[in-house]
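**Q** This structure is in C-alpha cells; I'll ask about it shortly.
Number of protein chains: 2
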Amino acid sequence: MKEKVGSYTLQVEPFHVDFSGKLLIGVLGNHFLNCAGYHAKERGFGIAEINESNFTWVLSRLAIELNDLPNQYETFTIQTWVENVYRLFTDRNFAVYDKDNNVCGYARSVWAMINIDTRKPADLLTLHGGNIVDYIETEKSCPIEKPSRIKVGSAMPMRTIETYYSDIDINGHVNSIKYIEHILDLFSKDWYNNKRIKRFEMAYVAETYFGETLSFYRDEVEDGTFDIEVRKNVGGEVPEGELVCRSKVVFVNK
Amino acid sequence: MKEKVGSYTLQVEPFHVDFSGKLLIGVLGNHFLNCAGYHAKERGFGIAEINESNFTWVLSRLAIELNDLPNQYETFTIQTWVENVYRLFTDRNFAVYDKDNNVCGYARSVWAMINIDTRKPADLLTLHGGNIVDYIETEKSCPIEKPSRIKVGSAMPMRTIETYYSDIDINGHVNSIKYIEHILDLFSKDWYNNKRIKRFEMAYVAETYFGETLSFYRDEVEDGTFDIEVRKNVGGEVPEGELVCRSKVVFVNK
C-alpha cells in the first residue's frame with residue numbers, strides 16, 4: 000500500500016508570483032487541488048476512476064494559514080493527506096514547506112463526491128469498496144483552525160464583474176481558483192505594500208456560468224480581517240441574486 | 000555544448016483548460032515563456048546570469064499558429080530554439096507536439112534585452128561574449144508566417160477594465176500572459192462553441208501598472224479575423240490614452 004501522506008516538490012514560476020515576488024495564493028490553491036488529484040489517483044480514488052462511474056470530487060471548503068510563501072524560482076514541497084472520512088464529506092489537509100524544509104503554512108479542505116447527473120452526494124464510506132478509509136492519516140498534525148463562520152452584512156456590492164471565457168473550466172463553471180483571484184483583487188496596491196495574508200478561507204456554495212455576473216460584498220469585521228460574500232446575477236430576476244461563495248481574509252502587517 | 004533545440008514535456012492541468020477541455024492559449028503562452036527561460040538558462044544566457052549585470056529579456060512579439068491543442072491531463076512537448084540573433088533583437092521559435100508526437104502548432108517570438116535602469120536595449124552580439132550566437136539553429140523549420148501588421152480603426156472601446164493585484168508581476172507590470180487572457184475574453188461563449196483559434200499574435204509596446212485602466216478596441220478585418228488594440232488610461236490626461244499592445248486573432252470553424 001502507498002504511504003498515506005503524498006509529497007510533491009514544485010518550483011515557483013515567474014508568472015506565478017505577485018509584485019513582491021511571492022507565490023500567488025490562487026496559484027498555491029491550484030497546486031493544492033492538483034496535489035489532491037495526484038494523491039487520490041495514486042491511491043485509487045482519483046477523478047479518473049470516479050468519472051467512469053459518473054462521480055466527481057467537489058471542493059466545499061478551503062482554509063489556508065501562512066507564515067511565509069516561497070519566492071520566484073524557488074522549489075517548495077506540498078504534502079497532503081486525508082484526515083477524516085465521513086459519509087458525505089472528507090477532510091483533506093496540506094502542509095507547505097520551503098526549499099530549506101521550513102514550514103510555510105498549512106491548509107484544510109473539505110470535499111464531497113457528487114453524481115454528475117443528479118448532483119447528489121455519494122456515500123464515501125461505501126464507494127469503491129470504501130478504500131479511501133484505508134488512507135486516513137492519524138499521526139500528522141495540521142495545527143490550524145477549521146474553517147469558520149463567515150457573515151457579511153454589507154448590502155452594497157464593492158464590485159460587480161462579468162464572467163468571461165478565461166474564467167470557465169471544463170465543467171462550464173467559473174473555476175474555484177478564479178474566485179480566489181477575484182476576491183484578492185478587491186484590495187489595493189497600497190494595502191498589499193504593507194500587509195500580507197495570514198489566513199484565507201473559501202466556502203463554495205453554488206456554481207457560476209459563462210456570462211453571469213458576480214457581485215462582491217465586503218465587511219471589515221476586525222482590524223485587517225474581512226468577510227466577503229459573492230452573489231451572482233444581483234438585480235436580475237431574483238433581486239438579491241444567489242449566494243455563490245463566502246470568503247474570509249486575515250491580513251497582518253509585513 | 001548543449002544541443003541547440005531544447006525539449007520540454009509537460010502535462011495539461013485541470014485548471015489550465017477551457018470549457019472544451021483544450022489547453023488555454025494564455026497557459027500555452029506561459030509555458031512558452033518558461034521554456035524560453037529554461038532553454039536560455041541551460042545555455043548560459045538566462046535571466047539569472049543577465050540580471051547580475053542589470054539586464055533582462057523583454058518579449059516584443061509573439062505569433063502562434065495551431066492545428067490543435069492538447070486535452071486535459073494529456074502530456075505534450077514544447078521544443079524551442081533560437082533562429083536568429085541581431086544586434087537588438089533575437090528570434091526564438093517554438094514547436095508543440097501532442098502525446099503521440101503529432102504537431103499541434105508552432106510559434107515565433109521576438110525578444111530584446113534591456114538594461115533595467117535605463118530601459119535601453121543591449122547589443123546581443125557582444126553581450127556575454129556573444130555566446131547566444133553559438134546556439135543559432137539553422138536546420139529546424141518553423142513553417143508559419145512572421146508577425147504581421149495590425150491596424151485598428153475603431154474609435155470606441157469594446158471594453159474598459161481596471162488592472163488589479165492578480166494582473167501584476169514581480170516587475171510591477173501587468174504580465175504578458177494577462178493581456179492574452181483579457182483579449183480572448185472579448186469573445187462570447189457562442190463564438191467559442193463554433194470556432195477555434197487558428198492564429199494568435201501579440202505585439203507588446205508599453206507596460207501597464209497596477210490601477211491603470213485598459214481599453215480594448217476590436218475590428219473584424221476579415222470574416223473571423225480580428226485586429227485588436229489595447230490602450231491605457233483613455234480619457235485621462237492624454238484623451239486618446241497610450242498604446243500598450245496590439246493583437247490579431249484568426250478563428251476558423253471547428
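Top line first, the protein sequences correspond to chains Z and V.
If you number the first sequence the way numbering that gives the first Met the number 0 does, the last residue is 253 and the count never jumps.
If you number the second sequence the way numbering that gives the first Met the number 0 does, the last residue is 253 and the count never jumps.
Here a beta-carbon is modelled for each residue, glycine too, at the ideal position from N, C-alpha and C.
These numbers were taken from a predicted model, which means no experiment stands behind them.
Of all the options Z:Asn-130, Z:Leu-68, Z:Leu-9, which has the alpha carbon lying nearest to the alpha carbon of Gly-43 of chain Z?
**A** Cα-wise, what sits closest to Gly-43 of chain Z is Z:Asn-130.
**Q** Which first and last residues belong to the beta strand (DSSP E) in which Asp-226 of chain Z is found?
**A** Looking at the DSSP string, the run of the beta strand (DSSP E) that includes Asp-226 of chain Z is 224-231.
**Q** Within 10 Å of its beta-carbon, does Asn-114 of chain V have 16 or more other beta-carbons around it, so buried, or fewer, so exposed?
**A** Counting Cβ neighbours within 10 Å, Asn-114 of chain V comes out exposed, since fewer than 16 surround it.
**Q** Going by beta carbon distance, what residues of the same chain come within less than 8 Å of Phe-54 of chain V, once the five residues before and after it are set aside?
**A** The residues are Met-112, Ile-113, Asn-114, Ile-115, Ala-121, Leu-126.
**Q** Closer than 7 Å, Cβ to Cβ, to anything on chain Z: give me those residues from the stretch 178-192 of chain V, in chain order.
**A** Per Cβ criterion, the list reads Glu-180, Leu-183, Asp-184, Phe-186, Lys-188, Tyr-191.
**Q** Going by DSSP in three states, Leu-183 of chain Z sits in which element: helix, strand or coil?
**A** Helix.
**Q** For Ala-39 of chain Z, which of helix, strand or coil comes out of DSSP?
**A** Helix, per DSSP.
**Q** By how many angstroms is the C-alpha of Trp-110 of chain Z removed from the C-alpha of Lys-188 of chain V?
**A** Cα to Cα, the separation comes out at about 29 Å.
**Q** What is the residue span of the alpha helix (DSSP H) that Asp-189 of chain Z lies within?
**A** Where Asp-189 of chain Z is concerned, the enclosing alpha helix (DSSP H) stretches over 188-193.
**Q** In angstroms with no decimal places, state the Cα-to-Cα distance between Cys-103 of chain Z and Asp-166 of chain V.
**A** Distance between the alpha carbons of Cys-103 of chain Z and Asp-166 of chain V is about 24 Å.
**Q** When the distance is taken between beta carbons, is Leu-68 of chain Z closer than 7 Å to Leu-22 of chain Z?
**A** Cβ atoms of Leu-22 of chain Z and Leu-68 of chain Z: closer than 7 Å.
**Q** Restricting to runs no shorter than 3 residues, where is the beta strand (DSSP E) found entirely within the stretch 149-174 of chain Z?
**A** Correct list: 158-161.
**Q** I need the straight-line Cα distance from Asp-90 of chain V to Glu-200 of chain V, nearest angstrom please.
**A** Between Asp-90 of chain V and Glu-200 of chain V, the C-alpha separation is close to 15 Å.
**Q** Leaving out the 5 sequence neighbours to the left and right, which residues in its chain are closer than 6 Å to Arg-198 of chain Z when beta-carbon positions are compared?
**A** Closer than 6 Å at Cβ, skipping near neighbours: Glu-64, Val-249.
**Q** So, does the stretch 149-163 of chain V touch the stretch 81-95 of chain V, judging by three or more C-beta pairs under 8 Å?
**A** Flag = no, the stretch 149-163 of chain V and the stretch 81-95 of chain V do not touch.
**Q** Whole-angstrom Cβ separation of Val-81 of chain V and Ile-135 of chain V, contact assumed at under 8 Å?
**A** About 5 Å; that satisfies the 8 Å criterion.
**Q** Tell me which residues share the same chain as Asn-70 of chain V and place their Cβ nearer than 8 Å to its Cβ, disregarding the 5 neighbours each side in the sequence.
**A** Answer for Asn-70 of chain V: Val-11, Val-16, Gly-20, Lys-21, Leu-22, listed in chain order.
**Q** Using beta-carbon positions only, say whether Val-220 of chain Z and Val-243 of chain Z come within less than 7 Å of one another.
**A** Cβ distance not < 7 Å, so Val-220 of chain Z and Val-243 of chain Z don't count as in contact.
**Q** Are there 16 or more other CB atoms within 10 angstroms of the CB of Gly-240 of chain V, so buried, or fewer, so exposed?
**A** By the 10 Å Cβ count, Gly-240 of chain V comes out buried.
**Q** Strictly by DSSP, which residues pair up with Glu-64 of chain Z?
**A** Looking at the DSSP assignment, Glu-64 of chain Z forms a beta bridge with Z:Tyr-105, Z:Arg-198.
**Q** Given that Glu-136 of chain Z touches chain A, what residues does it touch there, using C-beta distances under 8 Å?
**A** No chain A appears in the structure shown, which is made up of the protein chains Z and V.
**Q** Hey, Thr-79 of chain Z and Gly-28 of chain Z are a contact pair by Cβ (cut 8 Å); roughly how many whole angstroms apart?
**A** So it is not a contact: roughly 13 Å between Cβ atoms.
**Q** From Tyr-141 of chain V to Ala-205 of chain Z, what does the alpha carbon distance come to, in whole angstroms?
**A** The sequence given here has Cys at residue 141 of chain V, not Tyr. Between Cys-141 of chain V and Ala-205 of chain Z, the C-alpha separation is close to 46 Å.
**Q** Measure the beta-carbon distance from Phe-215 of chain V to Lys-247 of chain V and round it to whole angstroms, keeping in mind my assumption that it falls under 8 Å.
**A** That pair is no contact at about 14 Å.
**Q** Is there a Cβ from chain Z that is less than 7 Å from the Cβ of Tyr-203 of chain V?
**A** By this cut-off, Tyr-203 of chain V is not an interface position.
**Q** Can you tell me where the beta strand (DSSP E) holding Thr-137 of chain V begins and where it ends?
**A** Counting along the chain, Thr-137 of chain V falls outside any beta strand (DSSP E), and DSSP gives it neither H nor E.
**Q** Quick one: is Arg-118 of chain V buried, meaning 16 or more other Cβ sit within 10 Å of its Cβ, or exposed?
**A** It counts as exposed.
**Q** Alpha carbon to alpha carbon, what distance is there between Asp-168 of chain Z and Val-57 of chain Z?
**A** Approximately 13 Å, taken between the alpha carbons.
**Q** Output needed in chain order: residues of the stretch 14-25 of chain Z with a Cβ under 8 Å from some Cβ in chain V.
**A** Taking 8 Å as the Cβ-Cβ cut-off against chain V, the residues of the stretch 14-25 of chain Z that qualify are Phe-14, Val-16, Asp-17, Phe-18, Ser-19, Gly-20, Leu-23, Gly-25.
**Q** Could you list which residues in chain Z have their beta carbon closer than 7 Å to that of Phe-215 of chain V, in chain order?
**A** In chain order: nothing, as chain Z lies at least about 12 Å away.
**Q** Is it the case that the Cβ atoms of Thr-76 of chain Z and Tyr-96 of chain Z are separated by a distance below 7 Å?
**A** Taking 7 Å as the Cβ cut-off, Thr-76 of chain Z and Tyr-96 of chain Z qualify as a contacting pair.
**Q** What is the DSSP secondary structure of Asn-33 of chain V, reduced to helix, strand or coil?
**A** Asn-33 of chain V: helix per DSSP, three-state reduction.
**Q** Give me, in chain order, the residues of the same chain whose beta-carbon lies closer than 8 Å to that of Pro-13 of chain Z; leave out the 5 immediate sequence neighbours on both sides.
**A** Closer than 8 Å at the Cβ level, and outside the excluded window around Pro-13 of chain Z, lie Gln-71, Tyr-72.
**Q** Give the single residue among V:Asn-33, V:Lys-139, V:Thr-212 whose Cα lies nearest to the Cα of Glu-2 of chain V.
**A** When only C-alpha atoms are compared, the closest one is V:Lys-139.
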